[in-house]
Amino acid sequence: MIWFSALVLIPLMAVVVTAIDGGWDVFWSTVTNGQTAAAIKLTVFTALGVTVVNVFMGTLIAWVLVRDRFWGKSVLEVMIDIPFALPTIVAGLVLLSLYGNDSPVGIDIANQRPAVFLAFLFVTLPFVVRMVQPVLEELDRDVEEAAASLGASRFTTFRRIVLPSLAPAITAGAALSFARGVSEYGSLVLLSGNLPFKTEVTSVRILSSIENDNVPAAAAVATVLLVISLAVIVLLNVIQRRVAARG
Amino acid sequence: MSIEVKGLNKKFGDFVALDDVNVTIPTGQLTALLGPSGGGKSTLLRIIAGLEKADTGSVTIEGNEATHLPAQKRNVGFVFQHYAVFKHMTVAKNVAFGLEIRKRPKDEIEHRVQELLKLVHLSQFSHRLPSQLSGGQRQRMALARALAVEPSVLLLDEPFGALDAKVRKELRDWLRRLHDDVHVTTVFVTHDQEEALEVADEIVVINEGRVEQVGTPDQLYDEPANDFVMSFLGEVTHLGGVSLRPHDIELETSPMLAGAVEGTVSRLVRIGFEVRLHVLTVDGDEVSVVVTRAHARSLQLQEGSTVWLTPAAGATVVPRMATAV
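Encoded structure:
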């Protein structure tokens, strides 16, 4: 508990205290400032969108990795982790060179909102996959066979038997993926261009506040993100309980 | 005839699991598929259930061609060795699953679930989760779940294999009584000959992907078709050119019968009411013999005694296979 407090609770409290220190007016004017609000909106909605995509694609990829056999599977297995291993700024460079102004594949999304989405997607890909995969591997095949022999179609078996078992893992992966998205910096700064009102995300906004010696403003934005993240994690938990109880 | 299997072949890579298997399983009976592990009996059961596809051959269930029917449409109940419980559902929900899939009315489902839970003695556990049940209880729940959909045949794959010896014996007796009540055609896989002999009406002995013999427990025990069936159903020893049971050997301390083989008792072990002997014959064979304690005492047997051995009158005797050692 002391360990946990020192590592997590005290720094979190410090952020909140700093935010409140500046007074309610400073806090409110900071978060309602047009540019900041736009950054928060962009970050949260993009992170949510990416999380939804990851829930589906991540589960699908995990399924394919566990259940199917194909040539090059072990290579793919390793590749999934690359976004984890790559320093984010390198990821940013890779994305810039591929989807930037001189895109070799003809897709130029530099300085546009899809760049933020793409960068989030790139760095959060492994979360759901890696959370779901071990659970899926542990799942007994004979449970699915039992459902089939009782007359359940493949879809019904998945919905009523497999999904409730995977729900906690999917939720955990989604929470991680959302949190990572909200906090992402390195992979998107190059490609997105950080244009205010357009592609500027909160982490960039916080950094520029600090650079301007406006620590209370930075803390205010951080606090808002903290509350939103907490709300999303609680929401995901509720959804998970619903799904798990559906059997 | 309830299940008819014709010309079934199945390979897993190079491994031949089933080699031209033909079996007919009669309606309303309790049939055991008996054989050593890896002999193909589970594969046969899974092919009947539609959980595995045969390479060639056909399966007919209750007169309906089922070879290409998916597991969902075969209306068979299947019970797995490791229970295969739906662990996020209560006991009652587990049992109700097949009925819910069939979209039966709610009150009918509830009524049927209560009835089945009573049948398997789990009424008071209906709101528990499977993780709160013992192994034997879980398997009874799995059985109720399989019976809920009123299957035309009930298939059990080593149903008691994961249970400890005592529970296993209880469940075995209980399954026999249940079958006498419910009368659904039942096939169960086992590698335990005692289990098969005790519970089944009919036994199909399977080894290395082939059916060795089909018959009642008495037929198999008294008239084994070959050395394998004989050795699988009980202890076997070899005397002269034949295989026979150790308790079917007549033992004398003097050469009274013609053709008796002379030997020396090399080891003598007393286990309860019986005495097990190892006799080294003059031909160089080591023969095991079982006699009653009283008999051994009356002959004053001890290690080193010289004895004469003959197959007892009416003993089950099978010519010794060339491969048998």
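For the protein sequence lines, the chains are H and E, in the order given.
Counted the way our numbering counts, the first sequence spans residues 84 to 330.
Counted the way our numbering counts, the second sequence spans residues 8 to 332.
Even for Gly, the Cβ is constructed at its ideal location relative to N, Cα and C.
Computed from a prediction, not measured in an experiment: that's the story for all the values here.
- Interface criterion met: the Cβ of H:Glu-228 is under 7 Å from a Cβ in chain E.
- Annotated three-state conformation of E:Lys-17 is strand, per DSSP.
- In this structure, H:Thr-129 lies away from H:Ser-270, with their beta-carbon atoms at least 7 Å apart.
- Per the DSSP secondary-structure output, E:Leu-154 pairs with nothing in a beta bridge.
- Of all residues in the stretch 199 to 217 of chain E, none is placed with a Cβ closer than 9 Å to any Cβ belonging to chain H.
- According to the DSSP assignment, H:Ala-121 belongs to the alpha helix (DSSP H) that extends over 117 to 150.
- When DSSP states are grouped into helix, strand and coil, E:Thr-197 belongs to the strand group.
- Rounded to whole angstroms, the gap between the alpha carbons of H:Val-326 and E:Arg-119 is 26 Å.
- Against chain H, a Cβ distance below 7 Å from E:Ile-108 picks out Leu-233, Gly-234, Ala-235, Thr-239.
- Per the DSSP secondary-structure output, E:Gln-220 pairs in a beta bridge with E:Val-212.
- A contact between stretches requires three or more CB pairs, one per stretch, nearer than 8 Å, and the stretch 247 to 264 of chain E meets this requirement with the stretch 311 to 324 of chain E.
- Contact holds between the stretch 191 to 209 of chain H and the stretch 272 to 279 of chain H, because three or more Cβ pairs, one in each stretch, are under 8 Å apart.
- By the criterion of a C-beta distance shorter than 8 Å, E:Val-92 is surrounded in its chain by Asn-101, Pro-137, Arg-145, Met-148, Ala-149, once the five residues flanking it on both sides are discounted.
- When secondary structure is reduced to three states using DSSP, H:Val-100 falls in the helix class.
- The stretch 241 to 250 of chain E makes contact with the stretch 280 to 296 of chain E: 3 or more CB pairs, one atom from each, lie closer than 8 Å.
- Between the stretch 201 to 215 of chain H and the stretch 308 to 316 of chain H there are fewer than three C-beta pairs closer than 8 Å, too few to call the two in contact.
- Approximately 12 Å separates the beta-carbon atoms of H:Phe-203 and H:Val-135; this is outside 8 Å, ruling out the contact.
- For E:Asp-164, the pairing in a beta bridge is given by DSSP as E:Val-196.
- Put simply, the backbone Cα of H:Val-149 is about 41 Å away from that of E:Val-189.
- Check the Cα spacing between E:Lys-176 and each of E:Leu-76, E:Lys-17, E:Gly-143, E:Asp-187: the tightest is with E:Gly-143.
- Residue pairing from DSSP places E:Thr-313 in a beta bridge opposite E:Thr-271.
- For H:Asp-185, the nearest beta carbon of chain E is not closer than 7 Å to its own beta carbon.
- In the DSSP assignment, E:Asp-180 falls within the alpha helix (DSSP H) that extends over 172 to 189.
- H:Arg-263 and E:Ala-103 have their C-alpha atoms some 42 Å from each other.
- Look at E:His-186: its C-beta is not under 7 Å from any C-beta on chain H.
- The continuous beta strand (DSSP E) containing E:His-245 extends over residues 244 to 246.
- When secondary structure is reduced to three states using DSSP, E:Val-92 falls in the coil class, being assigned neither helix nor strand.
- Linking E:Arg-53 to E:Leu-162 through their CA atoms gives a straight-line distance of about 9 Å.
- At least one C-beta of chain H is nearer than 7 Å to the C-beta of E:Leu-58.
- E:Ala-56 and E:Pro-33 have their C-alpha atoms spaced approximately 16 Å apart.
- When Cβ-Cβ separations below 7 Å define contact, H:Pro-94 makes no contact with chain E.
- For H:Thr-142, the closest C-alpha among the options H:Ile-163, H:Leu-125, H:Arg-324 is that of H:Ile-163.
- Under the Cβ distance rule, E:Ala-91 counts among the residues neighbouring chain H, one pair being separated by less than 7 Å.
- It is roughly 13 Å from the alpha-carbon of H:Pro-247 to the alpha-carbon of H:Phe-238.
- Counting only Cβ-Cβ distances below 7 Å, E:Ala-151 has no contacts in chain H at all, with the closest Cβ about 12 Å away.
- Contact with chain E is found for H:Ile-244, since one of that chain's Cβ atoms lies less than 7 Å from the residue's Cβ.
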